Each structure stands twice: as C-alpha cells, then as structure tokens.
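Enquirer: Protein chains in written order, with this note's numbering: chain A, 134 to 314; chain B, 1140 to 1603; chain C, 98 to 739; chain D, 6 to 493; chain E, 1321 to 1431.
Here it is, the structure, as structure tokens.
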Amino acid sequence: MGTTQILFWFLSILAILGAILVVTSKNPVHSVLWLIVVFVAISGHYILLNAQFLAIVNLIVYAGAIMVLFLFVFMLMNLNSDTEPQKNRWLKIAGVVTGGALLLVLVAALKEADLKTQVAEMGRGDIGLINNLGMVLFHDYVVPFEISSVLFLSAMVGVVVIGRKTPEERTGAIGDQKYGG
Amino acid sequence: MNAIVLSAVWGIVMMFSGIFTASKRAIRNVAVVGLAILLVVNYLDLLGHHLFNIDVHKMLYFDTFGILGNSIAFGSTLLYVLLSGRDMERVGDNLAEYFALIFFVLCGVTIITTFNTLLMLFLGIEIISIPLYILTGSDKRNLKSNEAALKYFLMGSFSTGLMLLGIAFLYGASPTGTFFIDDLWSGKAVSPVFMAGLLLLLVSMAFKVSAAPFHFWTPDVYDGAPTVFTSFMATIVKVSIFVGFVRLFDEAFGESRERWQIFVAIITAATLFIGNVTAVFQQSVKRMLAYSSIAQAGFMLLALLALNGVAKEGIILYAAAYSIATIGIFAILIRMKDYTFEGFNGLARQQPVLAATCTIFLLSLAGIPLTGGFFAKYYMLSSVVATGHFLWLVIFSVLCAAVSVYYYFRVIQAMYFKEGDGTTETEPGAGFKGLLVVLAAIVVILGVCPQSLLSQLTKMIYTW
Amino acid sequence: MTQLVWLVPALPLAGFLLNGLFRNQLSKSLTGIIGSGTVLGAFVVSLLLFGEVRHEGFQPAVVTLFDFISVGKLSIPFAFQVDQLSSLFLLIITGVGFLIHLYSTAYMHEENAPQFARYFSYLNLFVFSMLLLVLGANFIILFIGWEGVGLCSYLLIGYWFRNIDYGNAAKKAFIMNRIGDLGFLIAIFFMISKFGSVSFDQVFGKASTVPVGVMTAITLLLFVGATGKSAQIPLYTWLPDAMAGPTPVSALIHAATMVTAGIYMIARSHVLFDLAPVTQTVVAVIGLATALLAASIALKQNDIKKVLAYSTVSQLGYMFLGLGVGAYDGAVFHVMTHAFFKALLFLGAGSVIHAMGGEQDMRKMGGLKKWMPATHITFLLGCLAISGIPPFSGFFSKDEILSAAYAKNPVYYVIGVFTALLTAFYMFRLYATTFLGQFRGTHDQEHHLHESPGAITIPLWVLAILAVIGGFVGIPDSWMANGHRLGAFLSPVLGENAHGLEVEKGTELMLVAVSVVLAVIGSLAAGMRYGKKPELGEPTGFGKVLANKWYVDEFYHAVIVRPLDLLAQFLVFFDKNIVDGIVNGVGRLVQYGSRQLRLLQSGQVGGYVLLMVLGILILFLVELFTGSPAVSSAAGKVALPH
Amino acid sequence: MIPVLLIFIPLVTGLIGFLLKSEKTARGWALLSSLVTLVVALIGAGAGKTSPILHADVAWLPDLGSRFAVGLDGLSLILSLLTAISFPLIFIATWRDQYKRAWNFYALMLLSQAGLLGVFLAQDALLFYFFWELALIPVYFLCSQWGGERRIAATFKFFVYTFLGSLLMLVGIIWLYFHTPDHSFSMASFYDVHNHMSNSDQTWVFWLLFVAFAIKMPIWPLHTWQPDTYEQSPTAVTMVLSAIMVKMGLFGVIRWLAPVLPIGTWAWGDTVSTACIIGMIYASLVAIKQDDLKRLLAYSSIAHVGLMALAIFATDATGMQGVMIQLFNHGINILGMWIVVDLIERQFGTRKISELGGLAKNAPGLAILLVIVALGNVALPLTNGFVGEFLLFTGVFTSTATAYSVVFTVVAAVTIILGAIYTLNMIQRVFYGPTNALTEKAVDISLNEKMVLSVIVVMIIFIGVFPKPVLEMTKDAAEYILTKMAYK
Amino acid sequence: MPINYYIFLAVALFCIGVAGVLTRRNAIIIFMCIELMLNAVNLLLVAFSKMHYHALSAGAPNPNAGIDGQLFVFFIMVVAAAEVSVGLAIIVMMYRNTHSVDVNFLNRLKH
C-alpha cells in the first residue's frame, strides 16, 4: 500500500489513541495535551484529504486558541495536578459500556451503507483550497456568514454579563436566593 | 428577512441603550418599541413587503407557516416583556444585556422558523442556545442558577454534537452533497446512513423541545433559571423550536414518514407519560410547570407525528394558546411570595383577579373547552386521528390529559378552596392586572371562536 | 245511568280530598258526615246501578273516561266496566263500607280532630281504590286499584304511627303485597306482549289463541298476585300482623273487601283460568292448604283479633278452593257472605275491645254477655254463620264450595270438611271464652264495661241480619227451582257452568249432612270445653307449635330476610372497598408512579447523559430490528380532511 | 330563536351575577332569571313542533365543519322543561340556605343551567361536547367551594372521573367526524355516518362514547363517584346533579350514541343491560343499608337510572317513550326528595336516619308531602313514576333486540320490591315511631317550601293520572330515534 | 480511501467522546470530550465532501462539487469557538462560587 494508506492508518491510530488517552488520563493537563495530539492527527487527515485550509484553521483555532484557553483555565483554577476524585466504578463502567454499545450500534447500522462502494477523493481536487472556499463563502454563504456574527455578538454579551462583577459579588454574598426557585 | 435583520440590529441597539441610559424604564420601553416594530415588519413580510431584498441563495425560505410562527413568537414576547419586564430588573443589573440577548434569541427564532438548509438550522439553534445558557446563569449570586446554567450548557452542547453527527450523515447520504432540506432524500430507498442521520437529528431536536427521554435538563434548568427567563424559555423558545421541528421533518423527511413515524410515536408516548406522571408529585409550582411543559411538548409532538394540514394549523394554534397561558401563569408565579402549592392557598381572597385569570390559564393548559387549550388539544388529537393510525397513542394521550388535570387543578384548589394567606410579594399594579385580563380574554376568545385565526391559517397553509 | 258510574268512585275521592286537605279546619262531626256521607252516596248510586244491571238482557257496559296511556299500538283507556260482577262488588264495598264508616265515627272518637280527619280520608281513599279495582275495565285500572288498596291498608295499619311495631306491621303488609303485585305486573306484561292489549274483552276474546303453556304462566303469575293480596300461602303472614290497625279497618279491609280482591280478580279473569287446568289445581291446593293451616293456627290464638284474622285467612282459602275447582260463583257467594259475617265478627270484637278499654286478650275477658247483650247476640249469630250452621248464610256458600270440591276430588272435600270442623271449634272457643264464664279482667276494667253506643250496635244489627239471611240468594237449585239467584245473576259474567262440576242430589245431601254434623259437633265441643274454664296457661307440645303459628315467620326471617340483610351488608363493604377501592387505587397508583419516576431526575449530569444515550440506543435498536417499522394500524385508513 | 334564548339567558345573567356583591340581590336575580327561562321554555313547549322558532343554526367553525346548531325536538323539549322547572324550584326551596359569597354561588348555578340546556339543545356534536364540559365546570366549583367536609377530594374524584370519560368521548367524536363523508359534526351527518363505517368499527367506537355517558349516568360499576359527590355537595347542587345532570348521560345515549352507532349499540346491548340490572339490584340493596339520607337517595337514583338505560337498549317504542317521560318524572321526584332532605338537614343539622324519628308528629305537612313524593319514587299507580316504570318495563319485556327480555324484566322488576323496602324504611325511621330529643321540637315546613313541594306533588299526580300531554310531546322524537336505531 | 474507513474512524472518535462525557466528572474535561465529538464530525464532513466531489466530478470536473461540507466544517469551528468562550465563562463563574468544577456536586436541583 502507498504512502497515503500508511499515513492514513498511522493518523487514524494516533487519533484514536489520543482520544482514548484524553478520556482516561488522570491529569487534566495531560488530557489537554492529548486532545491537541488528536487535533493534530485530524489536521493530518485534512491534509491527506487535500483540505489544507481547514487543516490550518483547525490547528490555529482548535489546537492553538481553544486549547490554550482550556489550559489557561486549568492554570487559573490550578487543577493542573490530578485533583478529580474518582467517580464510582460502576458509573464508569456503565459509561464505557454505553459508549461502546453506541459505537457498535452505529457501526452495525452503517456497515451495510450503500456508500460503502464510494471512496473519498484523496490528494486531488482543489475544493479545499482557500480561494475556492473564499469564493463560495463570500458568494453563496454570505448570509450564514453574516448571521454567525450575531452568534459572536451574543456570546460576547453573554461573557460580559457573566464575567462582570456585581457589587453583591464583591461582598461575596452567595446563596440560594428565591429567584432560583 | 425583515425580522431577522431587525431583531439582530435591535439586539445591538439594546446593548448600547444600556450605555446611553441608566433608566430601566427607558430600556424597557426601547425593548417594547423594538418588539412592536418586529411585529409590524413581520406582518409586512407576511403581506410580501420585504424591506430588505437580500439574495439568501435559497438558504432561508419565508413561507406563511414560518412567518406565522414568528409573529406568535414576537407577539408573546411583547406580552411577556409587558408583563414580566419589571421583574427582570430583580435578576441582576444588566437589564440592557438581558434584553439584547432576548433579541438575539428572537433572531435565532426567526432563523429556525424559516431555515431551508441544515446549516441555517444549526446556526439558528446555536444562536438560540448560547444566549439562553447565559440567561439561565444570569442570577450569578445564586448557586442554583449557576448549576442550571452549567447543566444546560454541557447537555446542550452534547446534543449539538449529536445534531452535527446527524447532519454529517445526512450530508453524506444526500445524492448531490447538499444541505438543502428538500433534496436531502434521494427519493429512492431510505439508506441506513440517511436513517442514522435522521434519527440523530430527531434526537437532538427532541432534546431541544425537551421530549423524553431527552428531557432531563428541562426540570433542573427551568427550576434553576431565574423565573422570568424560565417563562421565556418555556414558551417562546420551545414553541418556535417546535415550528422549526415540524418544518424540518415536513420538508426534509415528509415523504419518508412511514419509516420514522414509529420513532416519533415512541418518543411522544414516553414524553406524555413521564411529563404528566412526574408532575403529579411536585411540591413547587415552578417545577410542576417545568414538567407540565414537557407534557405539553408531548402533545405538540402529535402534530409532528401526523404532519398533515390539520397538524400544521394545530401547531400554530397550540403555540399561541400554550404560550399565552404559560406566560400568564409565570407572570403570576413570579409575583408570588412562595412558589410551593401551599403558597397559593387562599389566593382567591387576597388577589381575586390574579386567581381568576390564573384559573383560566390553568384550564386552558388542561384543555378544558371554552379555552384556547381545548382547540389546541383538539387539533392535535384530530390530526393524528386523521392519519387513521396510532389510535392507541391518541387514547393514551387522552388518559395522560386526564392525569394532567390532577396537577393543574391542585393550584386551583389551593387558590379557591383551601384556607390560607398565600399572596404576592408586592401589590400588583392595575396595569399588570389589566394585562392579565387581556391575556385571559385572548385565551377565551381562542377557545370560543378561533375562527378568526383558523380561517386565516387554513387559507395560508393550503395556499402554500 | 251506567254513564254515571264514575260517581261511585268520585264521591269517596271527594271525601278523601275534603277530609285530607281541610283536616285542620273540619270539626269531627263534620268529618264523620263527609266521610260516611260520601260512601253512603256511593252506595245509593251503586244500588241504582244494580237495579239497572238486574234487568233481563243487560249488556255489560264499558264507560271510558279518558285516554290514560296510549303508546304506539298499546292503548289503555281509563275505563270502567259495569256488569253483574262489578255491581255486586260495588254493593258489598259501599254497603259494608258505609256501615263501617258509621261504626268508626263512634269507635275512633278518642282521636283529636286532625287525626280523625286523617283516618277518614284514608278510609275514603281506600273505598275509592277498591271501587277502582272492581270497576276497572282493563287490568291496568284493576292494578291501579290493586296497589291503591295496598297503600291504604299500609296507611291504616300504620295509622298509630308512633308505635314502631305497628309501623313494621304496615311495612310488612305493603312489601308482601308488593311481592304479589310484582307477579301481577309481569302477568300484565305477558298479556301486553301476547295480546297487545290489557282490556278485559280483548284479552278474554283472544285468550284461546295462545298456547296452554303461556296461559299457565300468565294465570300462575296472576295467582301470585292474588296470594299476596288475599293472604294465601306463602304470602299470608302479613294479615295477622295487620291487626295492628284500628278494628274497623280490620273489618273493612282485612275481612270484608280488600282481601277478597284476589278472588275478584281470578273470578273476573276466569276465562284464562279455565284454559289453564294446571293453575286451577295449584289454586285449589294452595287454597285448601291455607284454609287448613290458618284454621289450625287459629285454634291456639288468644288475641281476639288474631283469631278472627286467621279465620279470615282460612275462609279466603275456602274461596280459592272454590275458584280452583271452578265454582266461581260459589267463591263470589262466599265472598259476599263472608263479608257480612266476618265484618260482623270484627265489629263485634271491636265493640268488645272498646268496652274492655283496648284489651284484646281473651283470657282477660269472659262472661261479657252480662254487660253487652247486643254485641253478644250479634256475635253469636256471626259465629253460627261462619261455622256453617244452617240456615245461616255461611252454610250455603261454604257447602256450595265443598260439594264442588267433592265433585272435583273427594280429598279436597275431606280436608275442607275437616277445616270446617276446626272453624266451628275455634270460633266457639272464641265465643265461649269471651262471652261465657266469669269475667277475668282487672277490677277497673270491670267498672269500665258497658254496651257500646248506637253508632256501633246499629251496624252490628244490620250485619247480623245480613249474616242470617244473606245465604238465601244462593239456595242450591237442586233443592229449590232456580233458588240460586246469585248464580243466575252472575252467569253472564262467570259463564253458565260457574258452579263447577255438579254432583247428584243424594250425594250432595249426604255431604251437607256430614259438614253440618261436624260443624255442630265442633261448636258444641268448643262451647263445653271453654264455657266453664277456658285454658289460661301457656300451651305446650303441639299446641305450642300452633300458638307460634308453625314458626312460619321465624322461617321466613331465617331464609329470606336475614340472608338478604347479610348480602346487603356485604355489598356495602364491596362497594366501599372493592369498586371504589379500585377507582381510588388508580389514583394512588399514579401518585406512587410519580414518586418513583421523579427519582430518575437524579440531578447528575452524568446520569442524564447516560439515559439520553440509552434512549438513542433504543431508537437505533428498534431501527435495526424492525428493518422497516410496520406502521401500527389501530384503525382502518382514513381519507385526510381538506 | 327559543333555544338560543334558553342558552343565553342563564349564561348572560350568570356572568352578570358575579358582579352583584349582595346575597339578597344575587338570590333574587337568580330566581328572576330562572323564571324568565322557564317562561321561554313554556313558550317553546306551546309552539308547534315544526315552528321555525324552535331551531337556530348559525356558522360557528366552518373549517371544522361545526355549526352553532340548536333545536327543540320532543326529547330536548322535555329535558329543557325539566331544567327550566327545576331551577326556580331549587332556588325557592333553598331560599333560606346561607352561602358565603352567595353571588358567586348563584352565578355558577346559572352557568351550569346554561351548560345543561346547551347539552340538551345542541344539534352539533362538537357543540354538544362543549356544553357537556361547560355544565361540568361550574358544578365542580360549586361543590368544591360550598360542599361538606371531604368536598375537595370527593368533587375532584367526580371531576377527573367524568373528565376522563368526556375526553374518550371527544376522541370518539373526532373519529366519527373523519368518517362522515362531508366532514361535518352536524347531527344529520352523524346519524348517517354508520353507513360509511364497518360494523366492527362501530362495535369498538361505541365504547369511546359510551364510557362517558355511563360514567355520567352512572352505570354500575362506574358509579362510585356519585354517592360521595351527592353527600359532599351543597344540597342545591345535589339537586342539580341528580335531578338534571344524570339525565345528561341518558340523553347522550339516546341522542348521540344509539342512533349514531345502531349496530354497536345493538351488539353491546346485552352486556350493558346486564350491567344495568346488576347495578339496579346492587344499588337497591346498598341503599337499604345507608344511614345518610343523601347516600340513600344517591343509590336509589342509581337504581332508577339503570332501569332507564336498560329500556334504551331494549330498542322498543314503548320503552323509549317510557324513558323520555321517566327522564322528566325521575327529575321531579328526586327533586322533591332532596327538598325534604334539605329541610331536615337545615332544621336538625343532621342527615343521619338513625338520629331522626317521629317527625310526622310535629311536621305532618312535611310527612304527607314526602310520602306522596316517595310513592312517586316507588312508582305507585296514579303517580308519574308508575306511568314511567310501567312503560319502561313493558318496553324491556316486549323488546325484540335481546333474547333475554323476559329474564331482564323479571330480575329488574325485583327492584320494585327492594325500592319499596328502602323507601318505606326511610319514611318509617324518619317520620314515624316515637320522637327523640332532637325531633321533639320539630316545626312544620314554611310556606315557600310547602309551595314548592305542592307544585311537585301536583306534577307527580297530574302526570300520573293524565300522562297524555307528555307522551304526545315526546312521541315523534321517540319514533324518530327508533327509526335511526334500526339495527337489523 | 473507502469512505467507510472515515465513517468508522469518525464514529469511533465520536463514541470515545461520548464515553468521556459519561465517565468524567471534571466539567472542563467533559467539555473537552464534547469538542472531541465535534472534531470527529468535522472529519466526517470533510471526508464526505471529498466523497461527493469524487462522485460528482467523475464525468465533467465540477470545481465546487461537495464544497459545502468543508464550509460547514468552517461554521462548526466558528460556533465551537463561541461556545467555548461562553462555556468556559460559565464554568469559571461556577468555580468562583463553589471552588469546584466537579459536576457531581451539581445536585441542588433534582427530582
């Protein structure tokens, strides 16, 4: 098999391993790092699929910005050490089993897919190139693009609402006011 | 289109209004004006006058069904703000931001009532959800509020993940690789991938309208959120998402309904059962209303199951009747000293007007004739009966409706037949009472001669 | 004239309304006048009617007042029938009725005005109902009167309502009557379904068209009605208790008129009974059994009215025997004579009780002839009449029945005659214990003793005369050419062969001789036995059984009343705990379910998500296993609306 | 015109009633309104059967195929008369009862009257359902607000029970609606729908509708709400409940079930009849053991209603006439009984038979009137009860719809005896016998009650002696229904 | 590459994410697992888009066939970013009040 296949398998295994370690590792910071590994692997897949733009964005936005944000929060709360008390085992097992069952069911449902003859074009096809994407984005997809700005606005307002300290909080009055019901 | 743009714009206006004026009243008035404007422009849309001619590349499709849904959303929001606007001030001192968020939510509402591609659906849902996370947690001093916000956020984004996976599958299964809902289905045999996508989408939407067994966030979030915003979530948001829900399944999967009706039936039955039965034992009226909203969702799901003309008329009517009644009840609830059933004891002595209107709203929710709720339920039932299948579900839902009487009437009993000094925190003003009476009048009118609304509906929905 | 027949019931009705509505205003004398006067008026009208009916070739007339019920094909007019039978009964009822009203004015004099008026209004109402009963031209009107008299007897037995026992007696009477009425009613339904009508002419006209089985059913049901009203086995036990009422009431209702309604009804519908031999046998046997049983009980009763009551039951038994053997006019004849002498006896007893200040126990009486001669003589005449001593009235009527019974089946005769012996015995036991020997009452009772006023003795004398001569209208033809006027008179209604089977002269004389001899023996034996020293001690052995009326009441209580009571109690429990329990149980179930179900809402995000994922799993599994889910079709396909 | 007035007079006056904040005015207002209604009803009774003023039909919900169609035929007329007569009598008889916030009480009473009249007059299935509920709601509030100790629980049971029934009925109505060829709720289309559906469908749809009616009547074993509710409601409301409301169930069967689903009705006839008969015997026996006058009457009314239902399912002309006249008679008689009960309770503060006795001594007028009413109740000849029950039994006996007509009649007729037993027991233990400390100083009834009872007694006797007018009134209706009930 | 591989890979990642959400108690890590789910979806979308590209541009090469998939991924990233900001804000607020991010302590609201 050619380099593409080798790379595909390598990246896939890497991604899955990373994902598993994200879930299992005790130390949150390790989780973050493993998650970054997963992202990198996925970006690799994008490149294999010749979607360079997404690959880059994925690295910058996710592995870059978002993950840093996570780390930042961890540090802020200094949860860097393994502080999480263990959930009771049975719930853990139940969780894993359920996840696995979901996987099984989905695979079972999809293995007979009529798409199984289909193949994903590797390496070729320049739809993933930035100029094509840009053209389509700012031509056909301009409306959703604009609308997503509303999303950001609301997110921004929201963060302000939540982040801003109110006088009461400065006095640190915490409790179950009636407004919670 | 008018509504989308203006609601977004007005959201920004609200943001700045907070900077330019400190007077709460002024801010509220700005919001009211905005809502009024929204109503108007939406009506213009209905008449076909579009202020903005934007080429949406078929990503949005403005039909009467959606626009009607919008106007109900705007209308009930207007009533809601008029009734409970003052109570927002007591949540926190970011009144302007709250209003801004509400307007953003409305923007999302207008999107999901008129979306034509899964992308817009996704964006709409997100634009609705994110402000709601915030509003839920807006009572920052309150641990319950925080908890509710975090729960809502975690589960909400989890369901977003499910929805996205579903969308991905549908995209994969679509013959031409598109997200436009009307050519998702090849029209040939339903492929497993398509089915998987459909189910995941069903699940995530069911989550948003809090249908069992994906309803678990609802009681906690409705209970934990500041009551004003609970009212908003439980009525306007939920109802609009329902409009989107129906729209999605009608447009995208209408032809293949034979394949998925059974799943909707299962979910409906579960929702009706859990919602109604669990509500029976609640001690807090607020939480009871949360469960009742689940139960009501179960009834609305009947329309999704039937997906015929009757169902579409019905869902609009149900939206109106349910929102108005629930807004009214919440508006009264907010004013109460004590949220438990005992808190309502003897309210009829202290506040006859409140008690009377509250009774009418409750009767409407219970679906007693002469209230809008009756025709709403009537439409839901008859839509399913019209399909000729699932009569067992109809009868089951009727039994559940009988159960629902139990908890709605507990409130009535408390107000009228129990001795007690249940009363409001502050003497409600004449305006408030007047507005409640108006709401009650609307409910009754909807119940006696819904013709005015209905004839219009039938005209539009069948011409469309 | 016949068109005025409505006057007959109308007058007593008017009396009832007047006395009832203005009972607080009217004075006692006025009340008495209204009460008796209306009945007297009715009697006069009846006489006129009778005069008309007696003419040769009188055709039975049906007078329709108005349309009572008409539904679909069924039409029931409110119509009266004037013919020989009804006019005869009119005379008996109004005549005897008037005498008893008259008697009551004196007898009830202690009552205060409103109660007095109440009494008379009830009495008038009774006469009205009784007249309806005999005048009705169809079974419904008959039934109306039938239940009406039942009601009046209820009201009059319970007239002294302050006394619980009297109330119970009244209730017992009404309910036992109702049991009989039920049979009657069902018989009527049968007629409606078979003949589509209830009017006599229609029913009797079409009678022969229905199979014997149906006819037997109808007649048996009618007879059930008769047993209730006329106190036959098994429904006779109410009559002795009914003595709780004032004595005139016992005389009028429970001796002379109401209790004979059964005989009237069967005689009236003899056409049907002729078609149902089985029923006739049943009637005869029941009648005979009742006669014997009642007579045996009467032997050991000490309450003067109880004795008379059982003798009434026994005499009624005779009448049914007559009906059973087809001697319809014999039965009616006996009704008439019995009305005379039994009314006489009751009124005499009433006079005695009146004199004894309410004492009814014979053992406390004795030697009364010294104080009340008139009562004594008349009472003696009554006793002779009932015992069948010639030439008193009872003799003729009873012997007519007995000979017919012999013709039908000698066994009937034997038992009948034996009963006659008993009758004579207990009647003279009563007479002797009451009027002969020494007075055994308390001292002040002795002071109080006196002959009753004219209002009481006059009716006694009138009735006594009737009791003596009343029999001569029915001298057997075999003795005297068309001596049997009554039979001839009634034959248009009861048919030509209404004497039952004939027996040849010799046998008949022999039979008569036997019965007379036995009657005389019985009376003398009783006179001797009790004239000097009446039995005062408690009876023992078989006598105890008789004194306790064969324990029939106890038996009924154990077999019917008690089980019904228990059943009712059980049902109350069942209703409360099972039926209602299930209903409430559903409610509780919902609450319980609610309490359990809300535990799902654990508050744990993990739990929630887990359940969600499980939900998804279920959906997918359904999808997997039902490749293309079959659409459940509860109902057939329906066209979409619009 | 008339029907519309009949519905709207009480409706409007009732709504106004909420506003008059004085007990006396409210009471007077209610009486006035009910009298006006009575007058209108009498005019309706006077008008010719075919006269146009007896019908009204205006568009209401065209898109739903439902019209505001009301009309007076024989059946509606007799029941409207019953309603119109009962309410003034109730108001007068309970004139002395005291209520807190009486204006609400009287207003709700009037509203329930509007609902009842609507039920009886509606000629459109959806409209019928509407009024069916409208009649229920005010009664719910009346009982829960002014009732006895356990009122809330009892009334709530009553409400949920009946509401469940009516919801099932709603499903049935909708189902039928979609089977009418012209998608209409009108009576005509409903009477025609059975030509467009299979017999098997008829047999199960039957139950959807019947359950609602059976609960309302009530038919054993769905009766348990009734004694509790009667016991707990204020007597005025109990009068409405038992004199008129139970008739809704019977009316529903006659008007909206039997003609609509003839095959279904016929197919289940024996089953239902058996239930009715069990109920009759059962209720009578239970009644014998009751100590509370209200419960006793409740059970006796179950027995009577059972007989009427039995006759309906007998599908016989005589029986149907009997039902229609008995609907009226039973209403009148039970009303009389309730008035007496109310008098007793108001005077002695108890309804326990065991605590009473000897009333006849000091209250002879009351005793006599009660006895007459009671006699009507046990169907003694020359009272209205006799006419009714005679026709009913005749109908059942001559019925060709069932093979067991004779058995049914005989078993059912046993209740004639049982009825006599519990009625006489009651009369005796309340009115006869010695007086006790409580009843020593009993006083006789006052004028207005005497007047009401006399009116009732007069009606009892009149109909008992001369039932022709009433029979004439209902003749056509009965025959029409029967032609629709042709099950062959 | 056969599309099935990508489907299974994506589903696998997605399910691992789900399992993570089910098993962890740390709110932030749960949130990360959700991000993981989103990325799985992204991968799937891109794969599909290339699949459609292959299928549609088989005959006449069509420059933009299947491009929607990749644009959708772009929007998902956008939304995810917004979500993260809000989510972390909420978590921080929670932490400020309770000094814990353990979801098991979120049990004031139940039943």
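Just so it is clear, CB atoms sit at the ideal spot from N, CA and C, and this is done for glycine as well.
Remember, it's a predicted structure, so these values are computed and weren't measured experimentally.
1) Can you name, in chain order, every residue of its own chain whose Cβ lies under 6 Å from the Cβ of C:ALA284, other than the five neighbours on each side?
2) Among the residues of its own chain, which have a CB less than 6 Å from the CB of B:SER1536, if the five just before and after it don't count?
3) Among all the DSSP beta bridges, which residues are the ones paired with C:VAL179?
4) With hydrogens ignored, establish whether the beta-carbon of A:ALA198 is closer than 7 Å to any heavy atom of the ligand FMN.
5) Short check: CB of C:SER612 to CB of C:LEU499, under 8 Å?
6) Going by DSSP, what residue range makes up the alpha helix (DSSP H) through B:ARG1396?
7) Please report the Cβ distance between C:LEU385 and C:ILE512, rounded to the nearest whole angstrom; I am assuming they are in contact, meaning their Cβ atoms lie under 8 Å.
8) State the CB to CB distance for the pair E:CYS1335 and A:LEU236, rounded to an integer number of angstroms; the pair is presumed to be in contact (CB under 8 Å).
9) Are the C-beta of E:ILE1348 and some C-beta of chain B separated by less than 8 Å?
10) Using a Cβ-Cβ cutoff of 7 Å, what residues of the stretch 313–324 of chain D are near chain C? List them in chain order.
11) Which residues does DSSP list as the beta-bridge partners of E:ILE1350?
12) For chain B, is any of its Cβ atoms less than 8 Å away from the one on E:PHE1328?
13) Suppose the cutoff is 6 Å on Cβ atoms and the five residues either side in sequence are ignored; what does the same chain contact list for B:SER1349 look like?
14) For chain B, check one thing: does any of its Cβ atoms lie closer than 8 Å to the Cβ of C:SER729?
15) Buried or exposed for D:ARG101, going by 16 or more other Cβ atoms inside 10 Å?
16) Got a sec, what are the start and stop residues for the beta strand (DSSP E) D:PHE71 sits in?
17) Name, going along the chain, the residues of the stretch 1380–1406 of chain E whose beta-carbon falls closer than 7 Å to a beta-carbon of chain B.
18) Got a sec, what are the start and stop residues for the alpha helix (DSSP H) D:TRP65 sits in?
19) Is D:THR407 helix, strand or coil when you go by DSSP?
20) Could you check which residue in D:ILE286, D:LYS29, D:GLU477 has the C-alpha nearest to that of D:GLY51?
21) DSSP on B:MET1475, reduced to helix/strand/coil?
22) Alpha carbon to alpha carbon, how far is D:THR388 from C:SER226?
23) What residues from chain B crowd round E:THR1418, counting only those whose CB sits closer than 8 Å?
24) Give the residues from the stretch 687–721 of chain C that approach chain A closer than 9 Å (Cβ to any Cβ), ordered along the chain.
25) Please classify B:ARG1225 as buried or exposed, where buried requires at least 16 neighbouring CB atoms within 10 angstroms.
26) With D:ALA319 as the anchor, note down where its alpha helix (DSSP H) starts and where it stops.
27) Considering only C-alpha positions, which residue in the set B:LEU1177, B:ALA1288, B:GLY1336, B:ILE1401 is nearest to B:ALA1216?
28) If we count Cβ pairs, one from each stretch, closer than 8 Å, do we get three or more for the stretch 1144–1164 of chain B versus the stretch 277–293 of chain A?
29) Run through chain E and tell me which residues come within less than 9 Å of B:ALA1288, C-beta to C-beta.
30) First and last residue of the alpha helix (DSSP H) that includes B:GLU1236?
31) Consider the Cβ of B:SER1594: report whether some Cβ of chain D lies at a distance smaller than 8 Å.
Expert: According to the structure data:
1) Against the third sequence, residue 284 of chain C aligns to sequence position 187. Around C:ALA284: ILE315, LEU318, LEU319.
2) Working through the second sequence from its first residue, we reach residue 1536 of chain B at position 397. Here the set comprises LEU1411.
3) The residue labelled residue 179 of chain C in the question sits at position 82 within the third sequence. The partner list for C:VAL179 (beta bridge, DSSP) reads C:ALA158.
4) As for the ligand FMN, it is missing from this structure, which has no ligand bound.
5) By 1-based counting over the third sequence, the position of residue 612 of chain C is 515. By 1-based counting over the third sequence, the position of residue 499 of chain C is 402. Yes, Cβ-Cβ distance for C:SER612 and C:LEU499 is below 8 Å.
6) Locating residue 1396 of chain B in the second sequence gives position 257, counting from the first residue. First-last of the alpha helix (DSSP H) with B:ARG1396: 1396–1419.
7) Along the third sequence, read from residue 1 onward, the residue named residue 385 of chain C stands at position 288. Along the third sequence, read from residue 1 onward, the residue named residue 512 of chain C stands at position 415. Rounded, the Cβ-Cβ distance is 5 Å, consistent with contact.
8) Residue mapping note: residue 1335 of chain E aligns to position 15 of the fifth sequence, counting from 1. Residue mapping note: residue 236 of chain A aligns to position 103 of the first sequence, counting from 1. About 4 Å separates the two Cβ atoms, so the contact holds.
9) In the fifth sequence, residue 1348 of chain E corresponds to position 28, counting from 1. So, not an interface residue.
10) ALA322, THR323
11) Reading the fifth sequence from its first residue, position 30 is the one you call residue 1350 of chain E. Paired residues: none, contrary to the question.
12) Walking along the fifth sequence from the start, residue 1328 of chain E turns up at place 8. Not one chain B Cβ lies under 8 Å of E:PHE1328.
13) Reading the second sequence from its first residue, position 210 is the one you call residue 1349 of chain B. Correct list, in chain order: THR1357, ILE1433, ALA1436.
14) As a first step, residue 729 of chain C is located in the third sequence; it is residue number 632 there, counting from the start. In this predicted model, C:SER729 has a pLDDT of only 36, less than 50, meaning its place in the structure is not dependable; the value taken from the coordinates is given anyway. Judged by the 8 Å Cβ criterion, C:SER729 is in contact with chain B.
15) Walking along the fourth sequence from the start, residue 101 of chain D turns up at place 96. Looking at its Cβ environment, which holds fewer than 16 other Cβ atoms inside 10 Å, D:ARG101 is exposed.
16) For the purposes of this step, residue 71 of chain D is taken as residue 66 along the fourth sequence, with counting starting at 1. Per the sequence shown, residue 71 of chain D should be read as Ser rather than Phe. Note, D:SER71: beta strand (DSSP E), 71–76.
17) ALA1385, GLY1386, ASP1388, GLY1389, PHE1392, PHE1395, ILE1396, VAL1399, ALA1402, GLU1403, VAL1406
18) Within the fourth sequence, residue 65 of chain D is the residue found at index 60, counting from 1. From DSSP, D:TRP65 is part of no alpha helix (DSSP H) but of the beta strand (DSSP E) over 60–66.
19) As a working note, residue 407 of chain D is residue 402 in the fourth sequence. Looking at D:THR407 - three-state DSSP - the assignment turns out to be coil, as it is neither helix nor strand.
20) As a working note, residue 51 of chain D is residue 46 in the fourth sequence. Looking at the Cα atoms, D:GLU477 is the closest of the given residues.
21) Numbered from its first residue, the second sequence carries residue 1475 of chain B at position 336. If DSSP states are grouped into helix, strand and coil, B:MET1475 belongs with the strands.
22) Start at 1 with the first residue of the fourth sequence, and residue 388 of chain D comes out as number 383. Start at 1 with the first residue of the third sequence, and residue 226 of chain C comes out as number 129. Those two C-alpha atoms are separated by around 14 Å.
23) The sequence position of residue 1418 of chain E within the fifth sequence is 98, counting from 1. Under the 8 Å cutoff, chain B gives LEU1282, ASN1285.
24) GLN701, GLY703, GLY704, VAL706, LEU707, VAL710, LEU711, ILE713, LEU714, PHE717, LEU718, GLU720, LEU721
25) As a first step, residue 1225 of chain B is located in the second sequence; it is residue number 86 there, counting from the start. Buried.
26) For the purposes of this step, residue 319 of chain D is taken as residue 314 along the fourth sequence, with counting starting at 1. Counting along the chain, the alpha helix (DSSP H) containing D:ALA319 begins and ends at 298–319.
27) Here residue 1216 of chain B refers to the residue found at position 77 when the second sequence is read from its first residue. According to the sequence as given, residue 1216 of chain B is Thr; it is not Ala. The shortest C-alpha separation from B:THR1216 is found at B:LEU1177.
28) yes
29) Position 149 of the second sequence, counted from the start, is the residue given in the question as residue 1288 of chain B. ILE1410, MET1413, MET1414, listed in chain order.
30) Locating residue 1236 of chain B in the second sequence gives position 97, where the first residue counts as 1. 1234–1253 is the extent of the alpha helix (DSSP H) around B:GLU1236.
31) Working through the second sequence from its first residue, we reach residue 1594 of chain B at position 455. For B:SER1594, the answer is yes, since a Cβ of chain D falls inside 8 Å of its Cβ.
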